[in-house]
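Under this note's numbering, the very last position in the sequence shown is 307; numbers go up by exactly one each time.
From the three backbone atoms N, C-alpha and C, an ideal C-beta is built for every residue, glycine too.
It should be emphasised that the depicted structure is a prediction, and the values quoted were computed from it without experimental measurement.
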Amino acid sequence: MALEFPQIDPIIFSVGPLSVRWYGLMYLIGFAFAMWFANRQASKPNSGWTKDQVSDLLFYGMLGVILGGRIGYVLFYQFSYFIENPLYLFRIDQGGMSFHGGTLGVITAVAIFSWTRKKSLLQVGDFVAPLVPVGLLAGRIGNFINGELWGRVSDVPWAMVFPTGGPLARHPSQLYEAFFEGLVLFLIMLWFIKKPRPAGSVAGVFLLGYGVFRFCIEYFRQPDAQLGLFADFISMGQILSLPMIIGGLGLLIWAYKQPPQVTAAKA
Numbered sequence: 041m042a043l044e045f046p047q048i049d050p051i052i053f054s055v056g057p058l059s060v061r062w063y064g065l066m067y068l069i070g071f072a073f074a075m076w077f078a079n080r081q082a083s084k085p086n087s088g089w090t091k092d093q094v095s096d097l098l099f100y101g102m103l104g105v106i107l108g109g110r111i112g113y114v115l116f117y118q119f120s121y122f123i124e125n126p127l128y129l130f131r132i133d134q135g136g137m138s139f140h141g142g143t144l145g146v147i148t149a150v151a152i153f154s155w156t157r158k159k160s161l162l163q164v165g166d167f168v169a170p171l172v173p174v175g176l177l178a179g180r181i182g183n184f185i186n187g188e189l190w191g192r193v194s195d196v197p198w199a200m201v202f203p204t205g206g207p208l209a210r211h212p213s214q215l216y217e218a219f220f221e222g223l224v225l226f227l228i229m230l231w232f233i234k235k236p237r238p239a240g241s242v243a244g245v246f247l248l249g250y251g252v253f254r255f256c257i258e259y260f261r262q263p264d265a266q267l268g269l270f271a272d273f274i275s276m277g278q279i280l281s282l283p284m285i286i287g288g289l290g291l292l293i294w295a296y297k298q299p300p301q302v303t304a305a306k307a
């Protein structure tokens, strides 16, 4: 027995040649939440942030997500095809975004913003980190509605037969990711920022938390067909998550070894 996949039209509505899709709406929800939460944090006393700085930071971050996500997907998951068809990089109409690529894009955007605004890179990173999980939650729900990035074949009671996944029931791994990488990670971040923390530790918690959750859920997610498993046991998603786990853990250890006065502002 398997659950029936809910047949939700990926297109919400169309006006002439313009179509509004659920996946695009989920991106907008993620950005809208980031804007609201960032302005909420900036409005607190002694936050060290102005609304203009928040707007600039979010603009930099949005570019980082889009450019990094697309470039990362092409290089990490479609490199061979890209070598044969370089213009594929610009075929965003064919889909394809990588969270790990988006993360590198955001880190680059944060570094540029910090340098141009003369702000601490670690403190800006701590400000940005709690803004991300809700966007991840929305994005994975968008993947689920699209019936893409489904899980491995399974006989668990909640397994589903996806329209593009063949006749066998599979893990709804998009929902696993939405729950753990989105909701649970956001709640962890909310709890962690309740008190002042050493600079860099909030970003460290995010990197470590996402890396661990993504690495574990990859065991339930179907590997990309064009890549499969490397050495028959590890996926590209797990390979890309390992630096996040190591980097997040290292950043946390480093942050808590610094003098007490080097702290992030209380959220």
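Host beta strand (DSSP E) of residue i (start-end)
i	result
R322	Nothing about residue 322 can be reported from this structure: the residues present for the chain run from 41 to 307 only.
Distance CB(residue i)-CB(residue j) smaller than 8 Å
i	j	result
F45	V196	no
V174	G101	no
L127	I111	no
P170	I233	yes
Y63	D264	no
A178	G56	no
G182	M137	no
F253	Q214	no
Q262	G191	yes
A295	G244	yes
L247	G277	no
A149	L103	yes
L225	Y259	no
Helix, strand or coil at residue i [DSSP, three-state]
i	result
L58	strand
F219	helix
L43	strand
T303	Residue placement at T303 is flagged as unreliable, the pLDDT there being 43, under the threshold of 50; the coordinate-derived value follows with that caveat. T303: strand per DSSP, three-state reduction.
F270	strand
I52	strand
G88	coil
S83	coil
M66	helix
Range of the contiguous alpha helix (DSSP H) that encloses residue i
i	result
P283	276-296
I111	91-117
Beta-ladder partner(s) of residue i, from DSSP
i	result
R210	V193, M200
R261	G191
Cutoff 8 Å: residue i Cβ touching any chain C Cβ
i	result
Y63	No chain C is part of this structure, which consists of one protein chain only.
Inside the stretch 125-206 only - beta strand (DSSP E) runs reaching at least 3 residues: DSSP assignment within the stretch 125-206 yields no whole beta strand (DSSP E) run of 3 residues or more.
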